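Numbering (the numbering used here), first residue to last: 24 to 242.
Ideal Cβ positions, reconstructed from N, Cα and C, are used throughout, including at glycine.
In this text the structure is predicted, and so the values were computed from the model without any measurement.
Comments concern the structure below.
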Amino acid sequence: MIFWLKKFLKKEDLTAVTEFFRDAGVFSLLEEKIIPDLIISKQSKKQRFIRVWSAGCAAGEESYSIAMIFAEVLGNKLDDFFISIYGTDIDRESLIVAKTGEYDIKKIKNVPEKYIKKYFIRSNNDKLVISLKIRNLCKFKFLDLFKDKPLLKNDVVLCRNVVIYFTREQRDKLFDKIYSSLNSNGYFIVGKSEVLTGGIFKKFKVVDSKERVYSKIPV
Ligand SMILES: C[S@@+](CC[C@H](N)C(=O)[O-])C[C@H]1O[C@@H](n2cnc3c(N)ncnc32)[C@H](O)[C@@H]1O
Numbered sequence: 024m025i026f027w028l029k030k031f032l033k034k035e036d037l038t039a040v041t042e043f044f045r046d047a048g049v050f051s052l053l054e055e056k057i058i059p060d061l062i063i064s065k066q067s068k069k070q071r072f073i074r075v076w077s078a079g080c081a082a083g084e085e086s087y088s089i090a091m092i093f094a095e096v097l098g099n100k101l102d103d104f105f106i107s108i109y110g111t112d113i114d115r116e117s118l119i120v121a122k123t124g125e126y127d128i129k130k131i132k133n134v135p136e137k138y139i140k141k142y143f144i145r146s147n148n149d150k151l152v153i154s155l156k157i158r159n160l161c162k163f164k165f166l167d168l169f170k171d172k173p174l175l176k177n178d179v180v181l182c183r184n185v186v187i188y189f190t191r192e193q194r195d196k197l198f199d200k201i202y203s204s205l206n207s208n209g210y211f212i213v214g215k216s217e218v219l220t221g222g223i224f225k226k227f228k229v230v231d232s233k234e235r236v237y238s239k240i241p242v
């Protein structure tokens, strides 16, 4: 079934379909709850590291959307925190675009106007480039979610619209890896059509069932 589905869908249907601020509700929750809570929890720490992992980041739209929200929420306190948003993917072409941070104007249709003014610069070829301030919060690298070790010590992991073609066994194995990659009470966000089931579900607390946001129950 999966084989036939893959055979008839175009590459872009299978892989790199994404957009800035995809599923607005998730980004509202990040802005109103998740990021403010993280900031409070790190406030008293000597070194205020916040790590976010966008697993299956495509061309970086998700990572940059999150970075813009951090910049908005923190304002002139942005430099008081060490924020790292790691985007990983197996699609090397997408990673090149992510690292360049340059997008066609039609790609930014979901970006609020105020963010376009603040965080994008028009480039010579009439595209828009993410500002350095936002780019500095993001790093991108190749990582195969099947084979490679997960990034560690994350406060938030987003793995959205990635496991749709994985078998249940592959998905559960990956979600288990993600569980171990999270700090205690760290957030895990999956796609709107994805759910945590069985043994994996028991390891997380539901933060928002509609937006598919969970938090790690520490052992
Ligand atoms: C549909 S995009 C989702 C992008 C973004 N997370 C979103 O929700 O908009 C799926 C991404 O997962 C990546 N992907 C698929 N299998 C992967 C694997 N085994 N390891 C890493 N990335 C993978 C694809 O290359 C693609 O960029």
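Candidates the options: closest to residue i by CA position
i	options	result
residue 79	197, 190, 52 and 143	197
residue 154	140, 179 and 203	140
residue 169	241, 59 and 199	199
residue 117	42, 234 and 193	42
residue 18	120, 126 and 206	Here the chain covers residues 24 to 242 and nothing more, so residue 18 does not appear.
residue 148	138, 159, 128 and 134	128
residue 201	58, 109 and 177	177
residue 87	187, 151 and 226	151
residue 119	40, 164, 224 and 207	164
Outcome for residue i when other beta-carbon atoms lying within 10 angstroms are tallied against a minimum of 16
i	result
residue 218	exposed
residue 220	exposed
residue 85	buried
residue 47	exposed
residue 115	exposed
residue 77	buried
residue 103	exposed
residue 34	Model confidence at residue 34 stands at a pLDDT of 45, short of 50, so the residue's coordinates are unreliable; what they give is reported in the following sentence. So residue 34 ends up on the exposed side.
residue 327	Residue 327 falls outside the range modelled here, since the chain spans only 24 to 242, and no answer is possible.
residue 184	buried
residue 142	buried
residue 23	A query on residue 23 cannot be resolved here, the shown segment of the chain reaching from 24 to 242 and no further.
residue 83	buried
Straight-line Cα distance separating residue j from residue i
i	j	result
residue 237	residue 212	6 Å
residue 228	residue 190	24 Å
residue 166	residue 81	12 Å
residue 136	residue 241	40 Å
residue 101	residue 93	7 Å
residue 50	residue 162	20 Å
residue 215	residue 234	7 Å
residue 230	residue 53	12 Å
residue 173	residue 111	10 Å
residue 210	residue 59	13 Å
residue 72	residue 106	6 Å
residue 179	residue 121	19 Å
residue 45	residue 133	8 Å
Residue(s) in a DSSP beta bridge with residue i
i	result
residue 107	74
residue 229	237
residue 95	Residue 95 pairs with nothing; no bridge assigned.
residue 45	Answer is none; residue 45 lacks a bridge partner.
residue 145	151
residue 125	152
residue 112	165
If we require 3 or more residues per run, which beta strand (DSSP E) segments fall completely within the stretch 151-223?
151-153, 161-165, 177-182 and 205-213
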